[in-house]
Amino acid sequence: MQIQLPYAGIVLLIGPSNSGKSTLLRSMIEQEVILSSEVISSDDYRVLVSNNDFIDWSNRPRDEAANLMDEYSSISAEAFMMMDSVIEARCRLNKLTFVDATHLHSEDRKRYIGLARKNNIPIVAIVLDIPENELLLRDEQRDKPRGKKRIKQQYQTFKRERSFIKKEGYLSVYTIKGTDNLEFTRRNNSLEKDIQYGIDIIGDIHGCYDEMITLLDKLGYQKDKDSLYLHPEGRKFVSIGDVMSRGPESLKTMLFFYDHIQRDLAYMIDSNHGWKIARWLDGRDVTMNHGDEKVIDELSAYEAENGSEKAHETKQAIKGFLFQAPSHYVFTKNGVQTLICAHAGIKDDMIGKESETVSDFCRFGDTDGNDGKGKPIRKDWTINHQKNSTIVWGHDPKPRPLVINNTINIDQGVVFGGALTAFRYPEEEFVSVQAKQDYSGARDNPLEEWEKNRLNPPNLGKFITGYSVNTEELGEIKIHQDIVKPAIDTVSHFTIPIEQLIYIPPTMSPTPSPSSLDDYLEHPKEAIDYYRSQGIQTMVAEKKHMGSRGILFLFKDTESAIKHTSIESLGVIYSRTGKRFFDNETEKRIVLKINQELHAKGYFEKHNTDYLLLDAEIMPWNLKAKELISSQYAHVVENAILDRTKLIEKIEVAVGQNEELDVWLEEYNEKLNNAHVFNEVFQKYCWEIEDISSIQIAPFHVLAHSNQTFFTQPHTWHMEQNHEFARQSEIFVETEYKVITDEASEEDVINWWKDITSEGHEGIVIKPEHYIARNKGKLLQPAIKVRGRKYLNIIYGMDYLLPQNLKRLKDRNTGKKQKLALKEFALGIEGIQRYVQKESIERVHECVLGALALESDTVDPRL
Amino acid sequence: MQLSIQATGDHVKAISYLLSKNPNNLYERNHKGHLVRLFYSKFTDTEIDVTIFVSPDPIDLVKNNSNSYDITHYINDREFAVSSIFCSFIRSALGTALNGQPKEEHAMWVNHQFQFQFELGPVASSLSDQQIQDLFEPIGYEVMITRQEIHYSFHMKDESSARFISLKGMQTLQDGLRHLFILIPVIDNYKHYFIDEKEIEKLERYGEGWLENHPKRDYIYRQSLRFKELYDIVENKKTKVEQVEQVGKVRLNELRYEKIAATVSQMKPKTIVDFGSGEGKLSELLGFVEGVQEVLAVEPSQSATLKALRRFDKIKDRDKFIVPETLWGSLFYYDERLKGKDVIVLCEVIEHIDEGRLPKVMDTILDDYQPGALLITTPNRDYNEVYNMEDTLRHKDHRFEWTRAEYHKWCTERNHQKNYDLQFDGIGEEHDSHGFPTQMCVFIRKVN
């Protein structure tokens, strides 16, 4: 007899004691059909938990027998509990397990059937049907006979239950009369495929045959004489399902896949439409709608053209091939599972398993009832994907490939007028072909729906108890509940609208260690040394303007703004805390002026973009800080000058009488001078604001266009852009910069820093050449500020350079600031990437809110 | 921070005995890094000038300061201005004079009045020159206040906020110093610095003989003891300012809550959401609505929510009262807990939101939460004329106030899906042509 063993699952042996279960399994182990670790025997577990596998109470007085029975059943209960948890663990891990126990009672069997179902693995029954007298004979011959009475009882039970077994829900039931002439075959996991020379996974085709052929061309497949598409490198293409329905050429596309799969040139997985068509072809009662009716039309036309016999043959072929499509594929690279393809998604614990539940999940995804209009409400399974394997899926059209949490959606709705995407693996590249038209004729086009819902308010529940952001640059960043609430409060009361607030700039750390020079607190040397020690050879030093940080989100026109933010405006300018920088009227005028300048340069057309996102410094300082300057800086320095001047006057009168007063006079002359320096320094950053022509903006990062980000560009490029903006501009100003490559250029930068800071300029910012810099995989500080000696007066007080003060101020710790800078930097990049990828505003806001929350944490603000 | 004691006339040299400071020496004491220094710049038979000043350690001074997480932490007028800190620094140096206990042979000068001129400063004070004069003139001084010229590269302020005070008068040294030790802290812009407990105790002792009858006695006491009463004083000031504008407003608030509660009652709701519930006054009323099973008080402010919880707790055992549940929430996010309620109330909320952000908020409420009814109240700008308010708004956080026509238009636009019937109403005392002070719109969801 041939016995088919599944790749994984439970094999239940059923039969009374002495029916030969253990003997059969032992011989299978000996023949190396199975491993000893694949056998779980109740007798073994009785020994494990109690040292005994059997207790004999026959021929005992009644009271003794009763107590021995008690003991035995306690042992059995413990043994089965241990056994079951081992079996379940093996089920979870997708292993094959033989359970060696009598399984005479239906509740025992049902427990395992439930276990198998819960874990989405098959269960097989092998029934050993041995005559009673044979059983009794064997019992007499064994070491510890179970006794006649018991064997007879067991046999009676077996006889009664035997006929029910078939209907209990096993994948298959094998009834054997003896253990001779048995042949076992073990299957491999048919879901597992090696990627061999690489695969190209193609999103939902929906009968868009032309686009599919164009895509295969683009991927490098070549048509051979049999009209088969082969790749010169031996790559194979994989359909993520739904090759048919909704679109123009479903039949042709299905036959195309049929032909290629027959010849092992391609793969295709099961999907909602595929399954429906298969069931319809199987004559079952299904409603052919949502574009399935088009398949019927095509098949009728085919029949009209080719006759019913040929049509029948074709239908049978298609039906078979659709039913055979696996729920999902697990692709392996060098024997390791790395990538999963599932049409509508999959849960981690289903990967590599086969069951109706798995198939259903893969076809329809995580659904939760209907929305009232007959459409399923889709739950987001992607957030629960914890494993490192990449899950590629389709089914739910998104305007662009959507990468979330190691899942990649590649259904770009070609049939709805979107695009057909291929994901090349292991290269991890996207290749896509635009649809020639919208073929669906659907009233609620999902791509348009997506666009419409993209800017919906974020779900409060996702943030309120704290959350994590998975960033490309720094992995998971945790945002604790305590800092989320104040950030949400800020967003609710003070910031610009969520749809416009797509980026919060990161904080910037000063030099990790204070200057080694006696009379400096900060010096470029320490910043340069930091980067050199991290393996960075080329750095860019940019002059740091002293104003207020501002983010400019500028649109080509109001239509573009509505498209991207749903808010009609030419742009918005906001501070690093997300608040509107100017009053509405001023903002409008400035934004209009910039818009005109950019149009005059043909900026939007040249770069084919709807918007421009800039990181900038906005001057003068008094624009934002007038109140603070007046009540703090001016007030304090007036007091200082008055105090010190008056004292000097008094001391000068007396100095002739007492030489000791000379020291005090000298001290106060120096201090008065410090006060004058302070007075001079803060005014340097301020000037009269007559109208918007008094305002200067120095952009230093071009963060994004509607079609791309610029984080791969070096800072020299960003500076060139700055100069381009400043050219013939009345509002943008140039930023001086220098490149550090060697000692000479380092010296040059240090001298330059000394020159400009001695005139009172704030200082410079030193950045690694590349926007995102790493050392041995570790993210480096994106920028380090080095402030001038004079400027630091307004931070650390006018007498900070007095040796007794400087010594103490040098004892500062930038560690927390640096950590924050990295987190905020990663969040900033992540948010912009998501926004440009047109992900939902909720996914962008996750990053923005995170940065705002981190900023509400306390760090020494003078750093 | 400095004080000069100048005196002219006969016997002025005796002052050095009263001070117990040798005119030939410099005096310097290190007080935890802060240097208290004194020197004479004049010492003749008829004229003396002695200056006591402090060179503080600026870093130690701000060490325990409450704004340590402020960018201007080190930028601080405390280093310079005469204040209670100055008084504590110089107290021991001037102890002999203050207590009037020189060596016995000089005791005769303790009660001798000299022609003094005290110069002190800089003074950082929110008091006007006149107010400062009013403090010193009644106790026998001629007051002169000077400031330095300021020249800034851009317009920022009209005059310097640092002043120097000169006080001339016939006084005993002890009285003069006692006046200063009480009045310097009174004048100073008190900022988060400790008032030495002893200093408070000394208020009575130093004020003996002059403070009780000072016309500004109450003010001086209040300012001196403000450390203890800081909160009360702040509160009092606030209510005074606001009371002026709020004549009749308190009553309007109550009328509004009553009207809303009455309107809601008629709808016989089981579930009510009070958005922007603040301290919970309206939610409390809604908790008494007959048949109601759930009142959600949604508010983002933690402190307001705490007050609301206390309010609810006080009456939680009342008959037929459903204790409102406080929710931390925001109009700018989607919150599935608010879906499908019978009534949502936005009482005086929308005018605190930038107009441009409102349409989205309203779409979320009307299309996603889909309440059976939505009540919105907001000020009626037409009515401001009754208040003679011209162009000002009723609250400084109001982003707008709408006329009845504007509100009507806005509500109609918000109902663009036409899923609701709108009913307009008013709250408060109706004016013939300007309508009610508060306008209300009720959106009632059509059965569909």
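Protein chains in written order, with my numbering: chain A, 1 to 863; chain B, 1001 to 1448.
Beta carbons are placed, not taken as given, at the ideal position from N, Cα and C, and that holds for glycine.
Here the structure is a predicted model, which means the values were calculated and not measured.
Annotation: B:R1222 is outside any beta strand (DSSP E); the continuous alpha helix (DSSP H) that includes it extends over R1217 to S1224. Here A:V484 is buried: its Cβ has 16 or more other Cβ atoms, across all protein chains shown, within 10 Å. In this structure, B:M1001 places its C-beta atom within 7 Å of the C-beta atom of B:F1086. Among the CB atoms of chain B, none fall inside 7 Å of the CB of A:K790. By the criterion of at least three beta-carbon pairs nearer than 8 Å, the segment 434-451 of chain A is not in contact with the segment 802-822 of chain A.
Closer than 7 Å at the C-beta level to chain B, one finds these residues of the segment 486-503 of chain A: I488, D489, V491, S492, P497 and I498. For A:Q837, no beta strand (DSSP E) segment is defined, and its DSSP state is neither H nor E.
The way I'd put it, the segment 194-213 of chain A does touch the segment 235-242 of chain A; three or more beta-carbon pairs between them come closer than 8 Å.
For A:H493, no beta strand (DSSP E) run applies; the uninterrupted alpha helix (DSSP H) run containing it begins and ends at Q481 to H493, by DSSP.
Those residues of the segment 1341-1372 of chain B placed with their C-beta closer than 7 Å to a C-beta in chain A are G1356, R1357, K1360 and T1364, ordered along the chain. Inclusion of B:Y1383 and B:P1437 in the CB contact set at 7 Å is warranted, their separation being smaller than that value. Burial state of B:N1024 is exposed, judged by a 10 Å Cβ sphere holding fewer than 16 other Cβ atoms.
Among the bridge pairs identified by DSSP, A:V11 is matched with A:F98 and A:V124. Scanning the segment 545-633 of chain A from its first residue to its last, the whole alpha helix (DSSP H) runs of 4-plus residues come out as 558-565, 584-600, 603-606 and 622-628.
The beta-carbon of A:Q696 is placed no less than 7 Å from the nearest beta-carbon of chain B. Nearest to A:D259 by alpha-carbon distance, out of A:P6, A:P486, A:L322 and A:S856, is A:L322. At a cut-off of 7 Å between beta carbons, B:T1046 makes no contact with chain A. Taking C-beta atoms under 8 Å as the contact rule, B:S1125 and B:I1048 fail to qualify, at a distance of about 28 Å. Note that the segment 9-16 of chain A touches the segment 89-99 of chain A; at least 3 beta-carbon pairs, one per stretch, sit closer than 8 Å. Unbroken beta strand (DSSP E) stretches of 3 residues or longer found wholly inside the segment 1122-1166 of chain B: 1142-1147, given in chain order. Residues G1291, V1292, Q1293, E1294 and D1342 of the same chain have their beta carbon placed closer than 8 Å to that of B:K1270, with the five preceding and five following residues left out of the count. Judged by DSSP in its simplified three-state form, A:T157 adopts helix. Residue pairing by DSSP places A:A704 opposite A:L613 and A:T709 in a beta bridge.
Scanning its chain for C-beta atoms nearer than 8 Å, with the 5 sequence neighbours on each side dropped, one finds around A:N119 the residues E88, C91, R92, D349 and K353, in chain order. Distance check between A:L115 and each of A:N59, A:M546, A:L614 and A:V86 places A:V86 closest, using alpha-carbon atoms only. Leaving aside the five residues that flank A:K193 on each side, the residues in its chain whose CB is nearer than 8 Å to its CB run, in chain order, Y267, Y329, V330, F331 and T332. Runs of the beta strand (DSSP E) spanning 3 or more residues and lying entirely within the segment 407-466 of chain A occur at 407-409, 419-425 and 429-434, in chain order. A:I3 sits close to A:Y174, with the two beta carbons spaced by under 7 Å. Between the alpha carbons of B:R1163 and A:E688 lies a gap of roughly 26 Å. Per DSSP, the beta bridge partners of B:R1037 are B:E1028 and B:F1053. The C-alpha of B:E1284 is placed about 8 Å away from the C-alpha of B:V1323. The beta carbon of A:H715 does not come within 7 Å of any beta carbon belonging to chain B, so the residue lies off that interface. For A:P768, the uninterrupted beta strand (DSSP E) segment begins and ends at G763 to P768. In its chain, beyond the 5 residues on either side, T735, Y737 and V765 have a beta carbon closer than 6 Å to the beta carbon of A:E542.
Residues of chain B whose Cβ lies closer than 8 Å to the Cβ of A:K626 are, in chain order, M1156.
Listed along chain A, the residues sitting closer than 8 Å to B:L1026 by beta-carbon distance are N658, E660, L661 and W664.
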